[in-house]
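Chains as they are written, first to last, in the working numbering: chain A, 2 to 410; chain B, -16 to 75. Yeah, the Cβ is synthetic: ideal placement off N, Cα and C, and Gly gets one too. For clarity, every value in this text was computed on a predicted model and none was experimentally measured.
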Amino acid sequence: MSYIKNLTCKQCFNNYPIEPINVCELCFGPLEVTYDYEKISKSVTRNLISSGPLNIWRYHPFLPVSIDNIIDIGTGFTPLIHAKNLGELLGLKNLYIKNDSVNPSYSFKDRPVAITTAKALEFDFKVLACVSTGNLMGSVAAHAAKAKMKSYVFFPAGLEKGKIIGASIYGPTLISVDGNYDDVNRLCSELADNLKWAFVNVNMRPYYAEGSKTLGFEVAEQLGWKAPDHCVVPAASGELHTKIWKGLVEMKDVGLIEKVKTSMHLAQPEGCSPIVKAFINEESQVTPVKPDTIAKSLAIGNPASGPFALQTLKETSGHAVAAPEKEISECIQLLAETEGIFTETAGGVVISSLRKLVKNKKINPDDVTVAFITGNGLKTQEVVEDSVEYNNIKPTYKSFEEIIKFDTI
Amino acid sequence: MSVTVRIPTPLRKITNGADKVSVSGSSISEVLEELEKEFSGFQARIYDENKQLRSFVNIYINGEDIRFLDGLDSNTKSGDEVSIVPAVAGGN
């Protein structure tokens, strides 16, 4: 049973059939999947979802694919951890970390890619492709391997080694492009027009984007079918921010949760914060920038979903915050040392922004707050390697005593 | 004296299927005027009612976003490649 209706332009609301297209012919606006929510609310219950598999497919009625074609490498239902230690430090009693760095390819990207791979099979594509800031290409290559498809992944030159190795192991064709993400994105938009490939975040984008809703579903379910008071979400294109919100709203609309009063906060690194700048200047459009940040997974200077992220910020009374570049590594360390979670640079941006939101009294001590950690620290080891210190001793008791004083233990 | 304009799929119905068109013009706005002369209705698709580029239309000259140049007044010269590309999201 599928509840999908059609594709609708997010800007002018013109409708299109379910095809591998992503742009409105009339106004160039992005297309989005729409569903028959009345039917969903009649047939979907909390029990039905709870008895489903422990992965994203438990939310299948809200996803745009047929259940027959799913490609599952174990994506989703990642831990929601009550972050008591970090919370205590920041002055928050109900701080939670949604640890999405433990997905099969170690980032939240497995969510949209799982959906897109299934849809690409429905459309009979033989090749999966993507433009990536690093995490996406690992996920695309992994899913293509499982689906027995070929994959081509394009990325800006100078990406972290861990992300390149983390993708190459699955056997894709890797294409490094001299330029930044926005250059690669433009190139692939033009290629997608002429190649019969499923570019997951170009021509397949409407289906791809739906995958991120599952983060909203999971968080609400894991909180006992309640929406949190605050979400702190990292932003590159701004898509994730709007889709977590869409997930929460859909759950309320079909009656799975009672209310949604969540403030959706958005976090960008100072070296690439075009959405934050537009938010501060109270603009509805985003002026592009040239990225200069260590948070390469967030280095999109021309964020296509920026206008929708700005709308979501306004609608939810959220705040957009820029994390100082020098705080990113420090906050990666802070999360690791307090909660035992090693995140990549985007996670450092989230924790720095969370700290600022608390400091500026945008979040109250009792509020239920969820910080979204979307990628794994093992992929961006370069940014913390300077802080590594260790002892080297001889295999003797004396040598040990020379470096560790017992009275300090 | 002409620039090559790459046409994205959503506009190819207007250009009778052509994915590349050569036109003359010394600025982006002139290039777009020329395209309108050749393909009626072209501008209505990419301009809003105030004759500004629609928010999800990006234009590039040899790969550089015209918003980093002089917008619609950006100069074009013979041999330049102009791309009209829908804004597409990616990343987080």
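Chain B contact for residue i (CB, 9 Å cutoff)
i                      : result
residue 30 of chain A  : yes
residue 122 of chain A : no
residue 367 of chain A : no
residue 308 of chain A : yes
residue 9 of chain A   : no
residue 22 of chain A  : yes
residue 312 of chain A : no
residue 191 of chain A : yes
residue 378 of chain A : no
residue 254 of chain A : no
Residues near residue i in its chain [Cβ-Cβ closer than 8 Å; skip 5 each side]
i                      : result
residue 3 of chain B   : -13, -12, -11 and -10
residue 216 of chain A : 99, 101, 109, 112, 241, 244, 245, 248 and 373
residue 350 of chain A : 235, 268, 269, 270, 296, 299, 324, 329 and 332
residue 377 of chain A : 102, 103, 107, 108, 343, 344 and 345
residue 134 of chain A : 156, 157, 160, 182, 237, 297, 298, 299, 300 and 301
residue 75 of chain B  : No answer about residue 75 of chain B holds up, because its pLDDT of 44 lies below 50 and its placement is not dependable.
residue 126 of chain A : 21, 150, 197, 198 and 199
CB of residue i within 9 Å of CB of residue j, strictly
i                      : j                      : result
residue 221 of chain A : residue 267 of chain A : no
residue 307 of chain A : residue 400 of chain A : no
residue 65 of chain A  : residue 116 of chain A : yes
residue 142 of chain A : residue 71 of chain B  : no
residue 167 of chain A : residue 139 of chain A : yes
residue 43 of chain B  : residue 68 of chain B  : yes
residue 388 of chain A : residue 334 of chain A : yes
residue 272 of chain A : residue 236 of chain A : no
residue 74 of chain A  : residue 105 of chain A : yes
residue 185 of chain A : residue 156 of chain A : yes
residue 174 of chain A : residue 149 of chain A : no
residue 303 of chain A : residue 45 of chain B  : no
As assigned by DSSP and simplified to three states, the class of residue i
i                      : result
residue 224 of chain A : coil
residue 269 of chain A : strand
residue 43 of chain B  : strand
residue 143 of chain A : helix
residue 48 of chain B  : strand
residue 112 of chain A : helix
residue -11 of chain B : strand
residue 177 of chain A : strand
residue 401 of chain A : helix
residue 248 of chain A : helix
residue 231 of chain A : strand
residue 218 of chain A : helix
residue 9 of chain A   : strand
residue 151 of chain A : strand
7 Å Cβ shell around residue i - same chain, five flanking residues per side excluded
i                      : result
residue 368 of chain A : 95, 230 and 231
residue 25 of chain A  : 10, 12, 13, 15 and 32
residue 391 of chain A : none
residue 366 of chain A : 92, 93 and 94
Option nearest residue i by Cα separation, candidates the options
i                      : options                       : result
residue 224 of chain A : A:234, A:210 and A:257        : A:257
residue 199 of chain A : A:269, A:157, A:122 and A:165 : A:122
residue 358 of chain A : A:269, A:73 and A:7           : A:269
residue 281 of chain A : A:259, A:255, A:314 and A:309 : A:314
residue 204 of chain A : A:21, A:179 and A:351         : A:21
residue 361 of chain A : A:153, A:321, A:291 and A:309 : A:321
residue 85 of chain A  : A:391, A:341 and A:385        : A:341
residue 347 of chain A : A:212, A:294 and A:144        : A:294
residue 76 of chain A  : A:370, A:212 and A:187        : A:212
residue 252 of chain A : A:80, A:42 and A:37           : A:42
residue 370 of chain A : A:201, A:386 and A:233        : A:233
residue 413 of chain A : A:259, A:130, A:19 and A:81   : With chain A covering only 2 through 410, there is no way to say anything about residue 413 of chain A.
residue 327 of chain A : A:97, A:284 and A:385         : A:385
Nonlocal neighbours in the same chain, by C-beta distance under 6 Å from residue i, ignoring five residues either side
i                      : result
residue 24 of chain B  : -3
residue 120 of chain A : 66 and 208
residue 56 of chain B  : 10
residue 60 of chain B  : none
residue 28 of chain A  : 12 and 13
Proximity test, residue i beta-carbon vs the ligand ATP heavy atom, cut-off 8 Å
i                      : result
residue 237 of chain A : Absence of the ligand ATP from the depicted structure is noted, as is the absence of any ligand whatsoever, leaving it without description.
Minimum Cβ-Cβ distance from residue i to chain A less than 9 Å
i                     : result
residue 1 of chain B  : no
residue -8 of chain B : yes
residue 51 of chain B : yes
residue 71 of chain B : yes
residue 39 of chain B : yes
residue 74 of chain B : With a pLDDT of 47 at residue 74 of chain B, under the threshold of 50, the predicted position of this residue should be treated as unreliable, and no value is reported.
residue 65 of chain B : no
residue 48 of chain B : yes
residue 11 of chain B : no
residue 68 of chain B : yes
residue 20 of chain B : no
residue 29 of chain B : yes
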